[in-house]
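Taken in order, these protein sequences are the chains called A and B.
Counting in my numbering, the first sequence runs from 8 upward without gaps.
Counting in my numbering, the second sequence runs from 346 upward without gaps.
Inspection log for the structure reproduced underneath, given as structure tokens.
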Amino acid sequence: MRPFLYQRATDPDMAVQALSAAAAANNPLTHASAQPLAGGTTLIDLMKLDVMRPTAIVDINPLARGWSAIEPGRDNLRLGALARMSDVAAHDEIQRNYPVIANSLKLAASAQLRNMATLGGNVMQRTRCSYFRDVSYENCNKRNPGSGCAAMDGVNRMHAVLGVSDQCIATYPGDFAQALIALDATVEITGRSGSRSLPFAELHKAPGNSPDIETTLQPGELISAFTVSGRWPRSVYLKARDRQSYEFALSSAAIALDVQDGTIRDARVALGGVATIPWRAREAEALLKGQKFDDGLAQRAADAAFADARGRRHNSFKIALGKCVVARALQQAVTMEI
Amino acid sequence: MPDNSSSRPSGFDRRSFMAGAAGSALVPITARAAAQDPRAPAAQDPSMPVDVTLHVNGKDRRLRIDARTTVLDALREHMGLTGSKKGCDHGQCGACTVLIGDRRVVSCLTLALAAEGQEITTIEGLATDDRLHPMQQAFVDNDAFQCGYCTPGQIMSAVACVREGHAGSEADIREYMSGNICRCAAYPNIVAAVKQAAPEIMKG
């Protein structure tokens, strides 16, 4: 690991200032020389691997006093960005009214990592692409812009089939983000010019021609909270993976439904483990809305979700697997007792 | 708070090494400078060591470390507490699990500087006098290891697993202990050990 300056931010202004000071205006966040430290489960790991090379670390954990509240309201939910994954997953009201959130967190990582990792850090976690994580590979457009992509014709079993470009097929690895994008969450951001908020769906950027730019956050900006409107008791997170526990998704589905008198009034479908960014399957949602549920409808929705999928040598199985995951998750959501 | 590190007869850390190597007069000077502004040197030059006080197993340990030092390396290399093991050093195996406050964490991904001011409990801090902690005894009783390398992490994780209320069934134990890998595959016996110790720990 390369040397860095360690600073501890005791209030948001101090954090923003420390992070901004070291940031060049046109520097993508992923390459910014100052990085915020929350749980550290991604950052310290990638610094040990020499993938991330910040020269300054700004420890924002002291901000948890103001930024870690779990606040389920009557008709909405607010989650502080420094709330720990384990605390949100174990929260009674989250489990009852937002099971898709509770389970996306509970099924991620290990108990130790969930105790450390924060919600804000979780959505900002970097891909697990083995070529990205191994600096002995020169060609990674995410790490070394313009260098090519070793995964295209390499071992790409874990890679994405949706949202891919000819520059990058690295999978977005997280689970919680699928719940947020399915529920139309909003992100609250604190930066140099005060606070702003944006739809969670606008936080991540598909790789396109610049896979090194992963989000719309600017250096010096910090996520302070997430908010969700409404309650979603009929929601599930289903995750298929190589091991039963403590593994990233090969394919996952975040589903939230509003079913009244057997008719689907509203449907939310998001996919994990198969796309380069948190992925909303709006084509599937459109098929489901206003319909009575049956297995045929679930299958058509699943087909629609993967209509644009592009498999490569080792990962085409994810298309068939992903459809099964979507169909089964829909069945679980429809039949769950709330 | 008192500095207990120099009173450990077999402790080998940077501080006692420096005291022995460079003469004891040096120590009070650096300690005084540190008391005024613990991170002043680091604010200028990232390659300069930083002074930090860690609370480990009920004792204050004053250390002069590289800012890059993890809690795991601080324990093992600077305090002589080698019970916490370095397996993968990337948060994947759980061998380095310690408690910070009442939460189990992987010490290999925790910067020592970020753990300042918090109570750290390691496997060395679990037993009281000559009496093993119920989880340690349960691992012995159930032969819950072969090579033993993952065992300190397993035991620390298991103690927290029980206290979190996640040891109610074998399925729960397996799920909530999945962050601790045992390449000898002693899993059935580990589950049995956690089951045995759980009621005693919950009794307090």
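Glycine included, every Cβ here is placed at the ideal spot set by N, Cα and C.
Bear in mind the structure is a predicted one, so any value in this text is a computation, not a measurement.
Please confirm whether residue i has its beta-carbon closer than 8 Å to some beta-carbon of chain B.
| i | result |
| --- | --- |
| Phe11 (chain A) | yes |
| Leu25 (chain A) | Looking at the sequence provided, one finds Ala at residue 25 (chain A) rather than Leu. Judged by the 8 Å Cβ criterion, Ala25 (chain A) is not in contact with chain B. |
| Ala118 (chain A) | yes |
| Ser252 (chain A) | yes |
| Lys55 (chain A) | yes |
| Ala16 (chain A) | no |
| Ile326 (chain A) | no |
| Asp182 (chain A) | no |
| Thr62 (chain A) | yes |
| Ile196 (chain A) | no |
| Ile51 (chain A) | yes |
| Asp66 (chain A) | yes |
| Leu44 (chain A) | yes |
| Met21 (chain A) | no |
| Met8 (chain A) | yes |
Distance check for residue j and residue i, CA to CA, integer angstroms please.
| i | j | result |
| --- | --- | --- |
| Arg241 (chain A) | Asp488 (chain B) | 44 Å |
| Val539 (chain B) | Thr442 (chain B) | 16 Å |
| Leu371 (chain B) | Ile64 (chain A) | Note that Leu371 (chain B) scores 29 on pLDDT, short of 50, meaning its location in the model is unreliable and no value can be drawn from it. |
| Pro10 (chain A) | Cys331 (chain A) | 47 Å |
| Gln267 (chain A) | Asp310 (chain A) | 24 Å |
| Ser172 (chain A) | Gln338 (chain A) | 32 Å |
| Gly87 (chain A) | Ala460 (chain B) | 21 Å |
| Thr473 (chain B) | Gln185 (chain A) | 46 Å |
| Tyr494 (chain B) | Asp517 (chain B) | 23 Å |
| Gln306 (chain A) | Ala288 (chain A) | 14 Å |
| Thr49 (chain A) | Ala327 (chain A) | 30 Å |
| Asn83 (chain A) | Pro206 (chain A) | 15 Å |
| Asp486 (chain B) | Ser75 (chain A) | 41 Å |
| Asn129 (chain A) | Gly46 (chain A) | 9 Å |
| Glu221 (chain A) | Glu209 (chain A) | 11 Å |
| Ala379 (chain B) | Asp390 (chain B) | Low confidence applies to Ala379 (chain B): its pLDDT is 39, below 50, so where it sits in the model is not reliable enough to give any reading. |
| Arg476 (chain B) | Gly470 (chain B) | 12 Å |
| Asp219 (chain A) | Glu145 (chain A) | 14 Å |
Going by C-alpha distance, which of the options is nearest residue i?
| i | options | result |
| --- | --- | --- |
| Gly170 (chain A) | A:Asn163, A:Thr178, A:Thr270 | A:Thr178 |
| Ile271 (chain A) | A:Ala277, A:Ser259, A:Gly297, A:Leu257 | A:Gly297 |
| Ser40 (chain A) | A:Val243, A:Ala28, A:Thr49, A:Ile51 | A:Ala28 |
| Arg275 (chain A) | A:Thr283, A:Phe207, A:Trp239 | A:Trp239 |
| Ser200 (chain A) | A:Pro285, A:Pro226, A:Ala256 | A:Pro226 |
| Ile345 (chain A) | A:Arg103, A:Ile77, A:Leu56 | A:Arg103 |
| Arg203 (chain A) | A:Phe233, A:Gly80, A:Pro218 | A:Phe233 |
| Ala336 (chain A) | A:Asn83, A:Ile262, A:Lys299 | A:Ile262 |
| Ile77 (chain A) | A:Pro61, A:Val95, A:Asn68, A:Asp66 | A:Val95 |
| Gly303 (chain A) | A:Val333, A:Leu89, A:Ile51, A:Leu114 | A:Val333 |
| Thr37 (chain A) | A:Ile101, A:Arg164, A:Glu145, A:Glu228 | A:Glu228 |
| Val23 (chain A) | A:Ile230, A:Asn146, A:Tyr244, A:Ser252 | A:Ile230 |
| Tyr244 (chain A) | A:Tyr105, A:Asp52, A:Asp160 | A:Tyr105 |
| Gly80 (chain A) | A:Asp191, A:Pro218, A:Met159, A:Ile101 | A:Ile101 |
| Ala124 (chain A) | B:Ile468, B:Gly462, B:Thr455, B:Ala530 | B:Thr455 |
Are the C-beta atoms of residue i and some chain A residue less than 8 Å apart?
| i | result |
| --- | --- |
| Gly436 (chain B) | yes |
| Ala412 (chain B) | yes |
| Ser429 (chain B) | no |
| Glu520 (chain B) | yes |
| Ser514 (chain B) | no |
| Pro574 (chain B) | Since the displayed chain B opens at 346 and closes at 549, residue 574 (chain B) lies outside it and no answer follows. |
| Gly524 (chain B) | yes |
| Thr496 (chain B) | no |
Going along chain C in order, which residues have a C-beta closer than 8 Å to the C-beta of residue i?
| i | result |
| --- | --- |
| Gly47 (chain A) | Chain labels in this structure do not include chain C; the protein chains are A and B. |
Could you please give the first and the last residue of the uninterrupted alpha helix (DSSP H) stretch that includes residue i?
| i | result |
| --- | --- |
| Val485 (chain B) | 479 to 486 |
| Ala309 (chain A) | 302 to 312 |
| Pro497 (chain B) | 496 to 508 |
| Asn129 (chain A) | 126 to 130 |
| Gln102 (chain A) | 99 to 104 |
| Pro533 (chain B) | 532 to 548 |
So, under 8 Å CB-CB, residue i and residue j are touching, yes? Tell me the CB distance rounded to an integer number of Å.
| i | j | result |
| --- | --- | --- |
| Met131 (chain A) | Leu112 (chain A) | Not confirmed; about 15 Å, so no contact. |
| Gln482 (chain B) | Cys527 (chain B) | Incorrect: roughly 19 Å between the Cβ atoms, too far for contact. |
| Pro19 (chain A) | Leu70 (chain A) | 6 Å |
| Ile108 (chain A) | Thr283 (chain A) | That pair is no contact at about 22 Å. |
| Val451 (chain B) | Leu420 (chain B) | Incorrect: roughly 12 Å between the Cβ atoms, too far for contact. |
| Ala189 (chain A) | Ala277 (chain A) | 4 Å |
| Arg406 (chain B) | Thr398 (chain B) | 7 Å |
| Leu114 (chain A) | Asp182 (chain A) | 6 Å |
| Met21 (chain A) | Gln42 (chain A) | Not really, about 15 Å apart at Cβ, beyond 8 Å. |
| Val168 (chain A) | Lys325 (chain A) | 5 Å |
What residue range does the beta strand (DSSP E) around residue i cover?
| i | result |
| --- | --- |
| Lys246 (chain A) | 242 to 247 |
| Phe233 (chain A) | 229 to 236 |
| Lys404 (chain B) | 404 to 410 |
| Pro35 (chain A) | Pro35 (chain A) -> no beta strand (DSSP E), and no H or E assigned at all. |
| Tyr521 (chain B) | Element bounds for Tyr521 (chain B): not the beta strand (DSSP E) but the alpha helix (DSSP H), 515 to 521. |
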